[in-house]
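First comes the structure, then the notes that go with it.
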Amino acid sequence: MLIGELAERAGTSPRTLRYYEEHGLIHPSRDANGYRQYDDGELRVVHEIRALLADGYGVDDIKPFVACLRAGNSSGHVCPDSAAVLRRRLAEVDGYLDQLTAVRHRLQTQLEEITCPMTP
1 MLIGELAERA GTSPRTLRYY EEHGLIHPSR DANGYRQYDD GELRVVHEIR ALLADGYGVD
61 DIKPFVACLR AGNSSGHVCP DSAAVLRRRL AEVDGYLDQL TAVRHRLQTQ LEEITCPMTP
């Protein structure tokens, strides 16, 4: 399929697909006229890329997931390199949750001070 068809089927733009290609995430072949040609497997890869981006992953973090899919796995997260990224991201999310919990506690304390002023 051509880039426009892949973009339409994946719910993205040709420009985005070219960006993915520039970063080595997708690999089109070229026809005799130089047009990009994509097989159906690239659609699956683009869906995986978009899902990971939506979850906050960066382009470099996505590469192991794409490699895992290209290796013939049914999912991009089942390979050791992908699992390492998952573990790192989970630790990052846990850190964010700890920070947010501390902020929430401070806000709650400040509100309590307003609604229940301390008596001298």
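Heads up, the sequence shown stops at 120 in UniProt numbering, and the numbers go up one at a time, no gaps.
A virtual CB, placed ideally from N, CA and C, is assigned to each residue, including glycine.
Of the residues assessed, residue 106 falls on the exposed side of the cut-off, its CB having fewer than 16 other CB atoms within 10 angstroms.
Contact between residue 46 and residue 6 is confirmed by a C-beta separation of about 7 Å, below the 8 Å threshold. With distances taken between CA atoms, residue 31 lies nearest to 1 out of 25, 1, 95 and 93.
The DSSP assignment places complete alpha helix (DSSP H) segments of no fewer than 4 residues inside the segment 41-75 at 59-70, in order along the chain. Beyond the five residues adjoining it in sequence on each side, residue 113 comes within less than 6 Å, by CB distance, of no other residue in the same chain.
For residue 21, the closest of 33, 88, 51 and 3 by C-alpha to C-alpha distance is 3. Looking from the CA of residue 35, the closest CA among 18, 62 and 73 belongs to 18. Counting along the chain, residue 82 sits inside the alpha helix (DSSP H) bounded by residues 80-115. With respect to residue 67, residue 81 sits close: the two C-beta atoms are nearer than 8 Å. Bridge pairing for residue 9: absent [DSSP]. Of the other Cβ atoms in all chains shown, fewer than 16 fall within 10 Å of the Cβ of residue 92; this residue is therefore exposed. Pairing residue 99 with residue 29, the inter-Cα distance amounts to about 46 Å.
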